[in-house]
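When the sequence shown is numbered by the UniProt record's numbering, its final residue is 374 and no position is left out of the sequence of numbers. Note that CB positions come from ideal geometry on N, CA and C, so glycine has one too.
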Amino acid sequence: MSQSELFKTTQLGPYTLKNRIVLPPLTRSRSSQPGNIANDLMATYYRQRSGAGFMVTEGTQIEPRGQGYAWTPGIHSPEQIQGWRKVTDAVHAEGGVIFAQLWHVGRVSHTSLQPGGEAPVAPSAIRADNVKVFIETGPGTGTLADPSTPRALSTKEVKELVELYAQAARNALDAGFDGVELHCANGYLVNQFISAHTNQRDDEYGGSLQNRLRFLREITLAVAGVVGKERVGVRFAPLFATTDEDRVYLGLVEEDPHQTYIEAVKILEEVGIAYLSLAEADWENAPELPETFREAVRKTFSGKIIYAGKYTAERGNRVIKAGWGDLIAFGRPFIANPDLPARIANNWPLNPVDPSTMYGGTDKGYTDYPTYKS
């Protein structure tokens with residue numbers, strides 16, 4: 001397997017990647033409290049996985065209102081920036097390349113997670129259903145809860161949010177990150193602007209598809225202006241189907257997902273960003289993305305394309321060989337196998353993941369998964 005497509009070097013913006021295996025954004029809720037600060041334990045976790053050709057952090061909220069789950073890290077305070085510096089130093093010491101994923105959950109939140117117990121903010125005052133948020137009930141303990149009803153952002157507040165994304169990008173550079181990824185997937189804030197289901201605005205950010213894509217365009221341009229377009233990625237989850245399976249959150253299925261997302265990708269191509277990350281449906285027996293969509297994305301976008309979603313090494317190789325994608329992200333396998341690239345290269349067996357330790361907790365199920373011993 002070490003001769004496979006996954007182990008060919010490739011260029012991503014200014015970086016030469018040693019392989020095409022990606023550690024994608026994976027929420028683990030291990031930040032230090034109070035303050036949602038990245039810590040030494042998190043630095044160990046990322047360092048252990050720096051055999052990846054490319055790494056993206058878990059979603060990190062760009063401002064206090066951007067949080068939808070207890071204990072997720074932020075990147076808006078000086079203490080948070082210092083905390084992330086531990087992570088980037090640890091990864092760079094191993095020769096790794098790591099981007100920060102900038103996150104704002106929008107309506108997928110709860111008043112107990114919001115500053116002053118206020119309502120979450122969103123494009124429109126429509127409550128999220130078929131989704132749970134995770135709230136703290138005491139030190140180190142929490143529970144799933146229904147999201148609170150959001151309030152609609154004013155036009156002025158939307159423009160202020162664009163500036164908050166730019167500031168978060170500056171903070172990411174201060175923390176030593178090699179670049180940033182914008183979380184525009186899974187029904188969170190940017191996706192809420194894009195989707196006709198969640199955006200019923202009548203200002204310049206609502207109505208037509210181009211208006212609903214305006215927020216995406218503005219934050220991508222703003223962040224590219226800070227870090228350089230060659231150090232920016234964007235993540236989408238273009239769902240073409242959904243499931244009743246109980247999950248944390250999937251996102252929104254548009255009436256015409258093909259057109260919606262190809263138009264969105266055109267914006268990214270105009271800005272000239274380094275990569276597009278596509279998170280596919282990952283429930284049991286989920287349908288693959290239509291080949292017509294994959295081909296249209298490749299035709300529309302000239303940067304690198306990352307695919308994620310229940311990929312095996314074999315399936316990843318197929319996607320690269322078909323020319324649809326350039327890098328493949330492995331989520332759960334990377335949680336349970338810190339040495340995943342070596343295991344794939346040598347065809348070694350994989351540790352199973354422990355679902356009970358995915359979110360919150362200690363080093364158990366986080367940094368204590370064993371590397372392979374022959």
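Check                                                                                                                      : Outcome
Buried or exposed by the 16-neighbour rule on C-beta atoms within 10 Å, applied to Ser208                                  : exposed
Cβ shell of Asn36 (< 6 angstroms), same chain only, five flanking positions each side left out                             : Pro73, Gly74
Beta carbon of Arg20 nearer than 9 angstroms to that of Phe7                                                               : yes
Nonlocal neighbours in the same chain, by C-beta distance under 6 angstroms from Gln61, ignoring five residues either side : Gln67, Gly74, Trp103
Range covered by the beta strand (DSSP E) that runs through Arg235                                                         : 232–236
Helix, strand or coil at Tyr45 [DSSP, three-state]                                                                         : helix
Meets three-Cβ-pair contact criterion under 8 angstroms: the stretch 94–103 and the stretch 44–56                          : yes
Spatial distance of Arg235 from Lys373 (CA atoms)                                                                          : 35 angstroms
Touching by the beta-carbon criterion (3+ pairs, under 8 angstroms), the stretch 148–168 and the stretch 118–136           : yes
C-alpha gap between Glu63 and Asn347, whole angstroms                                                                      : 42 angstroms
Three-state secondary structure (DSSP) of Trp71                                                                            : coil
Any 3 or more C-beta pairs closer than 8 angstroms across the stretch 321–341 and the stretch 306–313                      : yes
N-terminal and C-terminal residue of the beta strand (DSSP E) that Tyr366 is part of                                       : No beta strand (DSSP E) contains Tyr366, which DSSP labels as neither H nor E.
At least three beta-carbon pairs within less than 8 angstroms, the stretch 254–268 to the stretch 236–243                  : yes
Runs of beta strand (DSSP E) wholly within the stretch 111–159 (minimum 3 residues, chain order)                           : 133–138, 141–145
Cβ contact check for the stretch 169–177 and the stretch 225–233: 3 or more pairs under 8 angstroms                        : yes
Secondary structure, beta strand (DSSP E): runs of 3+ residues fully inside the stretch 222–297                            : 232–236, 275–279
Cβ pair count under 8 angstroms reaching 3, the stretch 288–306 against the stretch 265–276                                : yes
Cβ shell of Thr371 (< 7 angstroms), same chain only, five flanking positions each side left out                            : Pro338, Asp339
Bridge partners - His183, DSSP secondary structure assignment                                                              : Arg235
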